[in-house]
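Residue numbers (UniProt numbering), protein chains in the order written: chain A, 1 to 266; chain B, 1 to 189. Inspection log for the structure reproduced underneath, given as structure tokens.
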């Protein structure tokens, strides 16, 4: 990141001027990458955005990356994201936005890919440390808590910046299927169904209409794809979305083959 | 002087039908001199999990305090009690941390796991776990205890019979060991 450089004279997205020492400034142009941008005030967590009563936003950080969502069904959890690549020349099989943290916990993100990779690495290590101590697979709530603690650390330590990702962690353990969202501030929430990223308000409205308590996992997958389709700019297909599921067998699986009829249905 | 025989101890645990028993002697000595006759070696972790620590008394107490601390935090974080198997792994990890300067204790862990299935295990002072289906013994009287338990033990004993068996096994073994004795303390769960 920028090392003690002077801020740009007119920051494009209205960032605060750098705080008193350490003189760290993150201009939004330095964190803007193709396909998404990230804006957040460096130190103070000021709520931004319209009065949409979005709890994640109320905690100050708004991630506007590619849309991702998760739905908790009665017998499993599904997470999905759109995979918009900057060019058709990019090898889409090398990009994996959905990863597993343990055999029974998977995660998807909205925001900055590199930050996500670091968090995945840390979380996996924490899950293994737990196993080494207790010889028991880590419960979903504990892994979420520890990951959130890492993210919070980076909002309070010196010389670091917060992680530019929001995570949706999906898992199945002794307490059944679970879905958690973790924000850059380190706050986490348990959701029945949630979305993050660019299209969050539309996606959430759509999910609110379609979600039922006793949904089966296959219905949930269908709904997830339809929700992605709602906000997708362009033609949706199996190559530009990613889906991960976890069922009662407690194995997080990356879905490769999708019933194509779903895409053409309304 | 032998470090494991400094204070003298005898601890034994047995499995019954949907129950377990854990017992220890009550003597605390400083080599040949008896210093206390009401020393506690079996400690409660939670309602269905007990740990007995034989060997050096100070290490037994300190180890128990560390384990109680870890378990209380676990309870707060995970909002549940630790399973006996998990606890055994924790004890093993804790002991191995001190591989080159160990706690001079031999723990015996006894608990009721899921569906109240009894679980017992023992380990050496650096954390090598030993699971057993019938009984586990440790302390200065361990050789006598092995013999006594082997001959007196039957599988699937009811709590009352288990109590009799474990008490007789303990008393007859400590009678053959000058460093342990002065009564026994038996717990049935």
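From the three backbone atoms N, C-alpha and C, an ideal C-beta is built for every residue, glycine too. Since the structure is predicted, the reported quantities are computational estimates derived from the model, not experimental observations.
**OP:** Tell me whether residue 177 of chain B is buried or exposed, calling it buried when 16 or more other Cβ atoms sit within 10 Å of its Cβ.
**Re:** Here residue 177 of chain B corresponds to residue number 177 of the second chain, with the count starting at 1. Answer is buried; the Cβ neighbour count reaches 16.
Original post:
Is there at least one Cβ from chain A nearer than 8 Å to residue 62 of chain B's Cβ?
Top reply: Within the second chain, numbered from 1, the residue matching residue 62 of chain B stands at position 62. Look at residue 62 of chain B: its C-beta is not under 8 Å from any C-beta on chain A.
Original post:
Mind pulling the chain B residues with CB within less than 9 Å of residue 125 of chain A?
Top reply: The count along the first chain starts at 1 and reaches residue 125 of chain A at position 125. Within 9 Å Cβ-Cβ: nothing; residue 125 of chain A doesn't reach chain B, min ~16 Å.
Subject >> Straight-line gap, residue 60 of chain A to residue 111 of chain A (C-alpha atoms, nearest Å) >> reply: Locating residue 60 of chain A in the first chain gives position 60, counting from the first residue. Locating residue 111 of chain A in the first chain gives position 111, counting from the first residue. Only weak support exists for where residue 60 of chain A lies, its pLDDT of 44 falling under 50; the coordinates are left without a value.
**OP:** Enumerate, from N- to C-terminal direction, the unbroken alpha helix (DSSP H) stretches of 4 or more residues contained entirely within the region 49–111 of chain B.
**Re:** DSSP runs (the alpha helix (DSSP H)) wholly in the region 49–111 of chain B: 57–78 and 84–97.
Original post:
Within 10 angstroms of its Cβ, does residue 37 of chain B collect 16 or more other Cβ (buried), or is it exposed?
Top reply: Your numbering for residue 37 of chain B matches position 37 in the second chain. Per the 10 Å Cβ criterion, exposed.
Original post:
Which stretch, first to last residue, makes up the beta strand (DSSP E) that contains residue 44 of chain B?
Top reply: Taking the first residue of the second chain as position 1, residue 44 of chain B is located at position 44. Start and end: 42–46.
Original post:
Given residue 31 of chain B, which residues of its chain have a CB within under 7 Å of its CB, disregarding the five upstream and five downstream residues?
Top reply: Here residue 31 of chain B corresponds to residue number 31 of the second chain, with the count starting at 1. Hits under 7 Å: 1 and 6.
Original post:
Where in the region 168–236 of chain A do unbroken runs of the alpha helix (DSSP H), each at least 4 residues long, occur, reported from the N-terminal end onward?
Top reply: Fully enclosed alpha helix (DSSP H) runs of 4 or longer: 200–210 and 217–231.
Original post:
How long is the line joining the alpha carbons of residue 126 of chain B and residue 135 of chain B, rounded to whole angstroms?
Top reply: By 1-based counting over the second chain, the position of residue 126 of chain B is 126. By 1-based counting over the second chain, the position of residue 135 of chain B is 135. Answer to the nearest angstrom: the Cα atoms are 20 Å apart.
Original post:
So, are the CB atoms of residue 185 of chain B and residue 23 of chain B less than 8 Å apart?
Top reply: Locating residue 185 of chain B in the second chain gives position 185, where the first residue counts as 1. Locating residue 23 of chain B in the second chain gives position 23, where the first residue counts as 1. Yes, the Cβ-Cβ distance between residue 185 of chain B and residue 23 of chain B is below 8 Å.
Subject >> Cβ shell of residue 269 of chain A (< 8 Å), same chain only, five flanking positions each side left out >> reply: Past the boundaries of the shown model lies residue 269 of chain A; chain A is included only from 1 to 266, so the question cannot be answered.
**OP:** Could you check if residue 102 of chain A is buried or exposed, using at least 16 other CB atoms within 10 Å of its CB as the buried criterion?
**Re:** As a position in the first chain, residue 102 of chain A is number 102, starting the count at 1. With 16 or more other Cβ atoms within 10 Å, it is buried.
Original post:
Excluding sequence positions up to five away, which residues of its chain have a Cβ less than 7 Å from the Cβ of residue 19 of chain B?
Top reply: Taking the second chain and counting its residues from 1, one reaches residue 19 of chain B at position 19. Closer than 7 Å at the Cβ level, and outside the excluded window around residue 19 of chain B, lie 118, 159, 162, 188 and 189.
Original post:
Under a three-way DSSP split, which group does residue 87 of chain A fall into?
Top reply: Start at 1 with the first residue of the first chain, and residue 87 of chain A comes out as number 87. Secondary structure of residue 87 of chain A (DSSP, three-state): coil.
Subject >> Element boundaries [alpha helix (DSSP H), containing residue 245 of chain B] >> reply: Nothing about residue 245 of chain B can be reported from this structure: the residues present for chain B run from 1 to 189 only.
Subject >> Beta-carbon neighbours of residue 89 of chain B, restricted to chain A and to distances below 8 Å >> reply: The residue given as residue 89 of chain B occupies position 89 in the second chain. Going along chain A in sequence order, the residues near residue 89 of chain B (Cβ under 8 Å) are 133, 134, 135 and 136.
Original post:
Skipping 5 residues on each side, what residues in its chain have a beta carbon closer than 6 Å to that of residue 116 of chain A?
Top reply: Start at 1 with the first residue of the first chain, and residue 116 of chain A comes out as number 116. Leaving aside the five residues that flank residue 116 of chain A on each side, the residues in its chain whose CB is nearer than 6 Å to its CB run, in chain order, 109 and 165.
Subject >> Distance, residue 88 of chain B Cα to residue 190 of chain A Cα >> reply: One-based indexing of the first chain puts residue 190 of chain A at position 190. One-based indexing of the second chain puts residue 88 of chain B at position 88. Annotation: residue 190 of chain A to residue 88 of chain B spans about 31 Å, alpha carbon to alpha carbon.
Original post:
Cβ atoms of residue 128 of chain B and residue 121 of chain B: under 8 Å apart, would you say?
Top reply: As a working mapping, residue 121 of chain B is identified with position 121 in the second chain. As a working mapping, residue 128 of chain B is identified with position 128 in the second chain. Result no, Cβ atoms of residue 121 of chain B and residue 128 of chain B do not sit closer than 8 Å.
Original post:
Who are the Cβ neighbours of residue 248 of chain A in its own chain at under 6 Å, not counting the five residues just before and after it?
Top reply: Counting from 1 along the first chain, the entry for residue 248 of chain A is found at position 248. Once the five neighbours on either side are set aside, the close Cβ partners of residue 248 of chain A are 75.
**OP:** Please state whether DSSP places residue 22 of chain A in a helix, a strand or coil.
**Re:** Working through the first chain from its first residue, we reach residue 22 of chain A at position 22. Reliability fails at residue 22 of chain A, whose pLDDT of 38 lies under 50, so the model's placement of it is uncertain and no value is given.
Original post:
Alpha carbon to alpha carbon, how far is residue 200 of chain A from residue 67 of chain A?
Top reply: Here residue 200 of chain A corresponds to residue number 200 of the first chain, with the count starting at 1. Here residue 67 of chain A corresponds to residue number 67 of the first chain, with the count starting at 1. Roughly 7 Å separates the two Cα atoms.
Subject >> Element boundaries [alpha helix (DSSP H), containing residue 159 of chain B] >> reply: Here residue 159 of chain B is taken as the residue at index 159 of the second chain, counted from 1. For residue 159 of chain B, the enclosing alpha helix (DSSP H) has its first and last residue at 159–175.
Original post:
Since residue 179 of chain B is in the beta strand (DSSP E), which residue starts that stretch and which ends it?
Top reply: The count along the second chain starts at 1 and reaches residue 179 of chain B at position 179. Note, residue 179 of chain B: premise wrong, no beta strand (DSSP E); not H, not E.
Subject >> Contact set between residue 317 of chain A and chain B, taken where Cβ atoms lie within less than 8 Å >> reply: The requested residue 317 of chain A does not occur in the structure, where chain A is confined to residues 1 to 266.
Original post:
Using CA coordinates, which residue listed in B:83, B:151 and B:97 is at the minimum distance from residue 109 of chain B?
Top reply: Taking the second chain and counting its residues from 1, the one referred to as residue 109 of chain B is at position 109. Considering only B:83, B:151 and B:97, the residue with the shortest C-alpha distance to residue 109 of chain B is B:83.
**OP:** Go to residue 117 of chain A, then tell me how far its beta strand (DSSP E) extends in each direction, as first and last residue.
**Re:** For the purposes of this step, residue 117 of chain A is taken as the residue at position 117 of the first chain. Unbroken run through residue 117 of chain A is the alpha helix (DSSP H), 113–134; no beta strand (DSSP E).
**OP:** Return the residue from the list A:185, A:235 and A:240 that minimises the CA-CA distance to residue 154 of chain A.
**Re:** Indexing the first chain from 1 puts residue 154 of chain A at position 154. Relative to the Cα of residue 154 of chain A, the nearest Cα in the group A:185, A:235 and A:240 belongs to A:185.
Original post:
Over what stretch of residues does the beta strand (DSSP E) that includes residue 132 of chain B continue unbroken?
Top reply: Here residue 132 of chain B refers to the residue found at position 132 when the second chain is read from its first residue. Its beta strand (DSSP E) spans residues 129–132.
Original post:
Do residue 145 of chain B and residue 173 of chain B have their CB atoms nearer than 8 Å?
Top reply: Here residue 145 of chain B refers to the residue found at position 145 when the second chain is read from its first residue. Here residue 173 of chain B refers to the residue found at position 173 when the second chain is read from its first residue. Taking the C-beta atoms as reference points, residue 173 of chain B is found nearer than 8 Å to residue 145 of chain B.
**OP:** Determine the DSSP secondary structure at residue 107 of chain A, reduced to helix, strand or coil.
**Re:** For the purposes of this step, residue 107 of chain A is identified with residue 107 of the first chain, where counting begins at 1. Strand.
Subject >> Short Cβ contact (8 Å threshold) for residue 151 of chain B with residue 10 of chain B >> reply: For the purposes of this step, residue 151 of chain B is identified with residue 151 of the second chain, where counting begins at 1. For the purposes of this step, residue 10 of chain B is identified with residue 10 of the second chain, where counting begins at 1. No. Outside cutoff.
**OP:** Identify each residue in the region 127–138 of chain B for which the Cβ-Cβ distance to at least one residue of chain A is less than 9 Å, and report them in chain order.
**Re:** Within the region 127–138 of chain B, no residue qualifies.
Original post:
If we cut at 8 Å on Cβ distances, does residue 45 of chain A have a partner in chain B?
Top reply: Translated into the one-based positions of the first chain, residue 45 of chain A becomes position 45. With a pLDDT of 39 at residue 45 of chain A, under the threshold of 50, the modelled position of that residue is not reliable, and the figure given next carries that caveat. No, its Cβ sits nowhere closer than 8 Å to a Cβ of chain B.
**OP:** Run down chain B in chain order and give the residues with a C-beta less than 9 Å from the C-beta of residue 129 of chain A.
**Re:** Working through the first chain from its first residue, we reach residue 129 of chain A at position 129. Against residue 129 of chain A, chain B offers no close residue; the least beta-carbon distance is about 10 Å (beta-carbon pairs closer than 9 Å).
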